[in-house]
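Those sequence lines, one after another, are chains A and B.
Residues 1 to 309 in my numbering are what the first sequence spells out, letter by letter.
Residues 1 to 309 in my numbering are what the second sequence spells out, letter by letter.
Protein chains: 2
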Amino acid sequence: NFFSNSTIQRQSKLRTDENWIQEKMTDNKTRYVLMNRNEIVVIPTNKRHLTLLNVNYEMIEKYLPANNRNFVFLGEQDKQCIFAVHLEKLVLAEIVKLHQEARVIHAFPGALKLRQDEASLYSHAVGMLSWQRSQRFCSVCGNATVIKDAGYKLTCSNHKCSTHKGAVSASYPRVDPTIISAVISPDQSRTVLARQPRFPPGMFSCIAGFVEPGESVEACCVREVEEEVGLRVHDVSYLSSQFWPMPASLMLGCLATADGELSVDSAELEDGRWFTREEVVDMMCGRHAGGLFVPPVQAIAHQLLQTWV
Amino acid sequence: NFFSNSTIQRQSKLRTDENWIQEKMTDNKTRYVLMNRNEIVVIPTNKRHLTLLNVNYEMIEKYLPANNRNFVFLGEQDKQCIFAVHLEKLVLAEIVKLHQEARVIHAFPGALKLRQDEASLYSHAVGMLSWQRSQRFCSVCGNATVIKDAGYKLTCSNHKCSTHKGAVSASYPRVDPTIISAVISPDQSRTVLARQPRFPPGMFSCIAGFVEPGESVEACCVREVEEEVGLRVHDVSYLSSQFWPMPASLMLGCLATADGELSVDSAELEDGRWFTREEVVDMMCGRHAGGLFVPPVQAIAHQLLQTWV
Numbered sequence: 001n002f003f004s005n006s007t008i009q010r011q012s013k014l015r016t017d018e019n020w021i022q023e024k025m026t027d028n029k030t031r032y033v034l035m036n037r038n039e040i041v042v043i044p045t046n047k048r049h050l051t052l053l054n055v056n057y058e059m060i061e062k063y064l065p066a067n068n069r070n071f072v073f074l075g076e077q078d079k080q081c082i083f084a085v086h087l088e089k090l091v092l093a094e095i096v097k098l099h100q101e102a103r104v105i106h107a108f109p110g111a112l113k114l115r116q117d118e119a120s121l122y123s124h125a126v127g128m129l130s131w132q133r134s135q136r137f138c139s140v141c142g143n144a145t146v147i148k149d150a151g152y153k154l155t156c157s158n159h160k161c162s163t164h165k166g167a168v169s170a171s172y173p174r175v176d177p178t179i180i181s182a183v184i185s186p187d188q189s190r191t192v193l194a195r196q197p198r199f200p201p202g203m204f205s206c207i208a209g210f211v212e213p214g215e216s217v218e219a220c221c222v223r224e225v226e227e228e229v230g231l232r233v234h235d236v237s238y239l240s241s242q243f244w245p246m247p248a249s250l251m252l253g254c255l256a257t258a259d260g261e262l263s264v265d266s267a268e269l270e271d272g273r274w275f276t277r278e279e280v281v282d283m284m285c286g287r288h289a290g291g292l293f294v295p296p297v298q299a300i301a302h303q304l305l306q307t308w309v
Numbered sequence: 001n002f003f004s005n006s007t008i009q010r011q012s013k014l015r016t017d018e019n020w021i022q023e024k025m026t027d028n029k030t031r032y033v034l035m036n037r038n039e040i041v042v043i044p045t046n047k048r049h050l051t052l053l054n055v056n057y058e059m060i061e062k063y064l065p066a067n068n069r070n071f072v073f074l075g076e077q078d079k080q081c082i083f084a085v086h087l088e089k090l091v092l093a094e095i096v097k098l099h100q101e102a103r104v105i106h107a108f109p110g111a112l113k114l115r116q117d118e119a120s121l122y123s124h125a126v127g128m129l130s131w132q133r134s135q136r137f138c139s140v141c142g143n144a145t146v147i148k149d150a151g152y153k154l155t156c157s158n159h160k161c162s163t164h165k166g167a168v169s170a171s172y173p174r175v176d177p178t179i180i181s182a183v184i185s186p187d188q189s190r191t192v193l194a195r196q197p198r199f200p201p202g203m204f205s206c207i208a209g210f211v212e213p214g215e216s217v218e219a220c221c222v223r224e225v226e227e228e229v230g231l232r233v234h235d236v237s238y239l240s241s242q243f244w245p246m247p248a249s250l251m252l253g254c255l256a257t258a259d260g261e262l263s264v265d266s267a268e269l270e271d272g273r274w275f276t277r278e279e280v281v282d283m284m285c286g287r288h289a290g291g292l293f294v295p296p297v298q299a300i301a302h303q304l305l306q307t308w309v
């Protein structure tokens, strides 16, 4: 699936080797991926596709953060190391000026046009860097945090903090498991699609929601479908998963069976309906008479629907 | 699976209804589950099983936290509301004195003896309450946090904090997706089991590790198996999942295929070997000649191995 299909070797054992990381950081063969929150620096490869701007140490040496913040080692690919850095908007603009064709674009929908391996680099980087930005202070004692292990670990600067006495999950990157489910009628003829208020006009998608403490994937799917559209799901089967960089969800794609009248939760959803297979095919192909559509092929919702139709 | 098999209705829409929550909190029909970090208050139901001590509002009114901290609404079961509270050790001891047969025990291995529906209540409670305790300060600005929505949401007390401008994941309970994989030889005759240094002597289990930003379940499984035992996995199939309350992992159980010589990562693992099906059956039944064994039936590793043997 898109956003999780990397050929990079993460080399997690080397993250703690400060000398090795330092050496690779300053190596001019090393590649840097640049971003600012929801913006990325890209070069168009053709009319439809984009690649991330490829810069080396010499080009961005003077902009690099001194304290390991806003900075992460992504891994190695064909013996080339790849790092990502979060830079100020003005700095990005300055770098872009030096590269013909380069431009800064908004990551959504921009990242959907990245080549698949580049999309994975982007999702890895945004997941790590947004976690770092959200963890400037220790959530247990309120003191400043320190980033370690090439961006992958966070410790509290207060040595008396209880976090130093044991591993706490807040020290490691956060990934939010989320179920997304195609709900299919027992005769396989219809599926439930719903609209969140923040969706673009006309877009409908599968039912989704965060996994809570104490739940399995399957139990979460049953709860979310019941809460959002009032249907009791009979069985749930996992199909595949995808990381979704908004900023760090692990989307767990499922198929489930249910039938009956919908009772849509109007606090969360704007609309929810049963759609026939023919309608969904039209929505997937962009030829629905009412102008309705489903998420693009890069989204796991599209993959789930494709498996069903 | 154990720890995720609840019959409780979480009633997530009612969490924001302060009046309803207040009313149910003080209702003497409401049940409270009591704990202190890694300790729980239980009553033996028979020689082998435990249930959580069942107390009502009257019994613990004076101990309840005033600021919604250390406190969570778990849901409704047969029209009875269930809350969980984290109390000081001395308070737990005081309450236990009032109840014949009740006692405070360490949750591990104690919680493994709970009835399955009670184990789910425990895992839901510990996941929520340990998250709350780890989030006393805003990780973005360092100011104190405020708990809302019956324990499920956290906001920053500093109204100028950027977290008030948009949803941030730190505001919601953290669940860490973790893969656990049985690695099987292509002829189905052998599986890989490994020992972490913290395991009880003689215990071997499947390969496990946290999902990182940018990974799918399947990609994480490939990476973890390669990192820990040096084998390249050919295919990965998801089997089932379970929440594991240590304190809040979503264990995603997979089967994967690989073969060859192991190269065990000695920094993370104490030992790792191929075991035959016969050996694994002996380890599951507690009759292995060398005294080796696998995790108990409550652990997903056991379920994965059972599916294979």
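By construction, the Cβ of each residue, glycine as well, lies at the ideal position given by its N, Cα and C atoms.
Note that the coordinates shown come from a computational prediction; the quantities given were computed from them, not determined experimentally.
Proximity below 8 Å, CB of residue i to CB of residue j
i      : j      : result
B:L121 : B:N36  : no
B:T30  : B:Y63  : no
A:V233 : A:V192 : no
A:F243 : A:S4   : yes
B:L74  : B:L114 : no
B:L250 : B:T307 : no
A:R214 : B:S123 : It should be pointed out that residue 214 of chain A corresponds to Gly in this sequence rather than to Arg. The answer is yes: Cβ separation under 8 Å.
B:S134 : A:S139 : yes
B:L14  : B:V33  : no
A:A194 : A:D271 : yes
B:L252 : B:V225 : no
A:A119 : A:A107 : no
B:S205 : A:A248 : no
B:E39  : B:I105 : yes
A:G127 : A:P173 : yes
B:T8   : B:E88  : The question names Thr, yet the displayed sequence has Ile at residue 8 of chain B. It is not a contact, given that the beta carbons lie outside the stated cut-off.
Nearest candidate by alpha-carbon position, reference residue i, set the options
i      : options                       : result
B:N70  : B:M283, B:C81, B:L129         : B:L129
A:P296 : A:M203, A:S216, A:Q80         : A:M203
B:R277 : B:G151, B:V294, B:A267, B:L53 : B:V294
A:S181 : A:P200, A:R133, A:S241, A:A66 : A:S241
B:E61  : B:D27, B:K89, B:L53, B:C81    : B:D27
A:N1   : A:D117, A:K89, A:C81          : A:D117
A:P197 : A:T16, A:I300, A:E268, A:E76  : A:E268
B:L304 : B:E270, B:T7, B:L255, B:P247  : B:L255
A:V85  : A:R10, A:I95, A:V72, A:N54    : A:V72
B:H99  : B:V55, B:C141, B:N67, B:P109  : B:V55
B:E227 : B:I207, B:D235, B:M246        : B:I207
B:N334 : B:N38, B:T16, B:K89           : Residue numbering for chain B in the displayed model covers 1 to 309; residue 334 of chain B lies beyond these limits and cannot be assessed.
A:P201 : A:A66, A:C81, A:G291          : A:G291
B:Q11  : B:C81, B:Q22, B:M25           : B:C81
A:H342 : A:C141, A:P173, A:Y172        : Residue 342 of chain A falls outside the range modelled here, since chain A spans only 1 to 309, and no answer is possible.
B:S162 : A:R273, A:T163, A:R136        : A:R136
B:V41  : B:W20, B:E101, B:G151, B:E76  : B:E101
A:A150 : A:A301, A:A289, A:N19         : A:N19
Bridge partner(s) assigned by DSSP for residue i
i      : result
A:T51  : A:I43
B:P177 : B:L250
B:W312 : Within the shown structure, residues of chain B are numbered from 1 to 309, placing residue 312 of chain B beyond reach of any answer.
A:K89  : None, per the DSSP bridge assignment.
B:M345 : Only positions 1 to 309 of chain B appear in the structure, and residue 345 of chain B is not among them; the question remains open.
A:K153 : A:K148
A:W20  : For A:W20, which the question treats as bridged, DSSP gives no partner whatsoever.
B:E76  : B:Q9, B:C81
B:V236 : B:A256
B:H106 : B:E39
A:Q242 : A:M251
CB contact check: residue i to chain E, cutoff 8 Å
i      : result
A:W131 : Absent here is chain E; the protein component of the structure consists of chains A and B.
Practice prompt. For the region 282 to 298 of chain B and the region 36 to 45 of chain B, state whether three or more C-beta atom pairs, one from each stretch, are separated by less than 8 Å.
Written response: no
Worksheet item: Is the region 167 to 184 of chain B touching the region 168 to 178 of chain A, taking contact as three or more C-beta pairs under 8 Å?
Response: yes
Item to complete: Report yes or no: do three or more beta-carbon pairs, one from the region 146 to 156 of chain B and one from the region 208 to 222 of chain B, lie closer than 8 Å?
Response: no
Discussion item. Under 8 Å, with one C-beta from each stretch per pair, do the region 249 to 269 of chain A and the region 183 to 190 of chain A reach the 3-pair mark?
Written reply: yes
Discussion item. Using a Cβ-Cβ cutoff of 7 Å, what residues of the region 94 to 110 of chain B are near chain A? List them in chain order.
Written reply: none
Discussion item. Beta carbons nearer than 8 Å to chain B: which residues of the region 162 to 189 of chain A have them?
Written reply: V168, S169, A170, Y172, P173, R174, V175, D176, P177
Practice prompt. Would you list, in chain order, the members of the region 217 to 245 of chain A that have their beta-carbon closer than 8 Å to a beta-carbon of chain B?
Written response: V217, E218, A219, R223, E227, Y238, S240, S241, Q242, F243, P245
Worksheet item: What residues in the region 4 to 24 of chain A have a beta carbon less than 8 Å from any beta carbon of chain B?
Response: S4, N5, S6, R10, S12, K13
Discussion item. Tell me which residues of the region 284 to 305 of chain B have at least one Cβ-Cβ distance to chain A shorter than 7 Å, keeping chain order.
Written reply: none
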